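Have a look at the structure below, then the notes.
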Amino acid sequence: MSSISRIWRYGGEAGNVKLGSIFLGRLKAWGFVAGILLILMGGVGWLGSLEVLARPCTAVGVVLVAVCSSAFSQLRWHQFTFWIIAAIIVPLIYPSGFQRLCGIELRSPWLMLPVIQLVMFGMGTQMSLRDFAGVVRAPGGILVGVISQFTIMPLVGYCLATASKLPGEIAAGIILIGSCSSGLASNVMNYIARANLGLSVTLTAVTTLLAPIVTPFWMKVLAGHLVKVDFLSMMADIIKIVIVPIGAAMVHDWLKNVESPMRAKVAAYSLACLIWPAICINDVVTEGLFAITGFGEILEITAFLAAVPAVGWLFHALWRRWNRIQQIMPILSMVGIIYYNAVTTAAGRNELLSVGGVLVVVAVAHNLAGYLLGYWFSRLLGLNKIDARTVSIEVGMQNGGMATGIAAMMGKLNTLGLPAIVFSPWMNFSASLLANYWRKKSEKALDASR
Numbered sequence: 009m010s011s012i013s014r015i016w017r018y019g020g021e022a023g024n025v026k027l028g029s030i031f032l033g034r035l036k037a038w039g040f041v042a043g044i045l046l047i048l049m050g051g052v053g054w055l056g057s058l059e060v061l062a063r064p065c066t067a068v069g070v071v072l073v074a075v076c077s078s079a080f081s082q083l084r085w086h087q088f089t090f091w092i093i094a095a096i097i098v099p100l101i102y103p104s105g106f107q108r109l110c111g112i113e114l115r116s117p118w119l120m121l122p123v124i125q126l127v128m129f130g131m132g133t134q135m136s137l138r139d140f141a142g143v144v145r146a147p148g149g150i151l152v153g154v155i156s157q158f159t160i161m162p163l164v165g166y167c168l169a170t171a172s173k174l175p176g177e178i179a180a181g182i183i184l185i186g187s188c189s190s191g192l193a194s195n196v197m198n199y200i201a202r203a204n205l206g207l208s209v210t211l212t213a214v215t216t217l218l219a220p221i222v223t224p225f226w227m228k229v230l231a232g233h234l235v236k237v238d239f240l241s242m243m244a245d246i247i248k249i250v251i252v253p254i255g256a257a258m259v260h261d262w263l264k265n266v267e268s269p270m271r272a273k274v275a276a277y278s279l280a281c282l283i284w285p286a287i288c289i290n291d292v293v294t295e296g297l298f299a300i301t302g303f304g305e306i307l308e309i310t311a312f313l314a315a316v317p318a319v320g321w322l323f324h325a326l327w328r329r330w331n332r333i334q335q336i337m338p339i340l341s342m343v344g345i346i347y348y349n350a351v352t353t354a355a356g357r358n359e360l361l362s363v364g365g366v367l368v369v370v371a372v373a374h375n376l377a378g379y380l381l382g383y384w385f386s387r388l389l390g391l392n393k394i395d396a397r398t399v400s401i402e403v404g405m406q407n408g409g410m411a412t413g414i415a416a417m418m419g420k421l422n423t424l425g426l427p428a429i430v431f432s433p434w435m436n437f438s439a440s441l442l443a444n445y446w447r448k449k450s451e452k453a454l455d456a457s458r
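As structure tokens, then:
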């Protein structure tokens, strides 16, 4: 049987027994093949300096691969990684298409902020207040994980940034992503790995809550000579980017378990809370007391925090009428991640083309160091193998969205934000490989014990 015939058959078998699903599976399989062929044609075009052929073939090819990779079970777990790669390659080829839309600057901090908040909120809706109870159940594992997360990755990032000799703001971006909290995708990877999912979710929650203090601290200490770091301003940015949307998601989670009278009280309280953000917005627009006296950061933080109950209540009210929205939120998060990766790539295209190879090497080294040091440090401090695997994945996977958001709010998306877009696809790819390896290892150990 030819390879093409096998692909056709496999794509069909991957679908449901219904005729429509079989047809869709085969269509995706052929689409994947077409994508690979277009990428190869694009490669030939680049080698022959035929950009008129290379550009469209490569761009369409990577998008087809991303769309159609779900036809194969072996590639299904990597589909999101393919989308991230497409979100980097296409803007590299056609940067102008991802810079402005209808006169709107796509990398504007005030456009990037709600997109990244949507990403964090979508991830937060998959969390629960019960996740924080893990601190009481397993304080030892949490302590080891938090120490590992906020010492190994910032220090390894600093060493790699120094050794790489990259331009100052790009080097600072390496330290920035190393100083961020655990990536929310680490929970999925720990689930695949059959590690301690409860420990994973709690670690992600705790490191996220600590990030507004710890991330600016490490940036000030390790990257202060590379880029200007305002501790309070960065803390405010992290609260807006991460704490506010996840806090709103926790309000929604809490409202699931309360009676109708309490929900009515929360609704009234939420409306009252919105008065303060309205006052703050008016103060900023009119350059009032807070703007004049220099309380801008405090103004912003309190205004965003005051909106948390209202956002949580509004989402909960929508969820009660259409509960499928909670399943849609992770998809919206993925769309948001693709958006900010594409916009960041377009903004820093020239810089990425000049230092991209070095950044890839640094990303691999940083990520693998996180896995190795996270695992063995945990074992050294007495954690069992399953918990050590959990910490390893948590430490190795960083919150790229937080790093991108901070870079955008600082107005340095094209330099400080570049490492995050290189690190993110590699982290997702390597973590899925590691998780599947540990899953198979656990299954073999279970079979051997029977």
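Residues in the sequence shown are numbered from 9 upward in steps of one, following our numbering. By construction, the Cβ of each residue, glycine as well, lies at the ideal position given by its N, Cα and C atoms. Note that this is a predicted model, so its numbers are computed, not measured.
- The beta strand (DSSP E) runs lying completely inside the region 381 to 437 and spanning 3 residues or more number zero.
- Beta-bridge partners of E113 (DSSP): R108.
- Nearest neighbour of T353 by Cα position, chosen from L424, K228, S438, turns out to be L424.
- Proximity to I124 across V250, L376, V399 peaks at V250, based on C-alpha coordinates.
- Listed in chain order, the non-local C-beta contacts of L282 below 6 Å within the same chain comprise A318, local neighbours out to five positions each way being set aside.
- Contact annotation: G378 and I93 have beta-carbon atoms that are not nearer than 8 Å.
- Taking all protein chains in view, the Cβ of G365 is surrounded by fewer than 16 other Cβ atoms within 10 Å, so the residue is classified as exposed.
- Below 8 Å, enough C-beta pairs join the region 321 to 328 and the region 252 to 269 to call them touching: three or more.
- Non-local C-beta neighbours of L121 in its own chain, meaning closer than 8 Å and more than five positions away in sequence, comprise K248, I249, G413, A416, M417, ordered along the chain.
- With contact defined as three or more Cβ pairs closer than 8 Å, the region 44 to 58 and the region 399 to 413 are not in contact.
- Contact between L421 and R115 holds: CB atoms are separated by about 5 Å, below the 8 Å threshold.
- Beta bridge pairing from DSSP links S190 with Q406.
- In this structure the region 179 to 199 touches the region 424 to 437; the number of beta carbon pairs closer than 8 Å is three or more.
- Under the three-pair Cβ rule at 8 Å, the region 69 to 88 does not count as touching the region 374 to 390.
- In this structure, the CA atom of V372 is about 11 Å from the CA atom of A439.
- The shortest C-alpha to C-alpha distance from S136 to any of K173, V70, L211, G53 is the one to L211.
- Looking at the backbone, the Cα of A453 and that of R34 are separated by about 36 Å.
- Linking Q107 to G390 through their CA atoms gives a straight-line distance of about 50 Å.
- In this chain, the alpha helix (DSSP H) harbouring A74 covers 59 to 76.
- Here G50 carries a helix assignment [DSSP, helix/strand/coil].
- For the alpha helix (DSSP H) assignment, the uninterrupted runs of no fewer than 4 residues enclosed by the region 140 to 209 are, from N- to C-terminal side, 142 to 145, 147 to 172, 176 to 187, 194 to 200.
- Per DSSP, reduced to three states, the secondary structure at V235 is coil, with no helix or strand assignment.
- Of the residues assessed, I339 falls on the exposed side of the cut-off, its CB having fewer than 16 other CB atoms within 10 angstroms.
- For A275, the enclosing alpha helix (DSSP H) stretches over residues 268 to 281.
- Contact between G419 and P117 holds, since their C-beta atoms are separated by about 7 Å, short of 8 Å.
- Residue state for M135 is assigned as coil, using DSSP reduced to three classes.
- Counting only runs of 4 or more residues that sit fully inside the region 313 to 348, the alpha helix (DSSP H) segments are 316 to 329, in chain order.
- In this structure, W91 lies near A74, with their beta-carbon atoms less than 8 Å apart.
- One thing to note: A193 has its Cβ no nearer than 8 Å to the Cβ of M337.
- DSSP places G255 in the uninterrupted alpha helix (DSSP H) bounded by 252 to 263.
- Fewer than three pairs of CB atoms, one per stretch, sit closer than 8 Å, so the region 209 to 225 makes no contact with the region 267 to 282.
- Per DSSP, W91 is one residue of the alpha helix (DSSP H) stretching across 87 to 101.
- Within the same chain, S341, G344, I345, G409 come within 7 Å of V127 by CB-CB distance, once the 5 residues on both sides are set aside.
- By alpha-carbon distance to R138, the top candidate from Y199, P175, L205 is L205.
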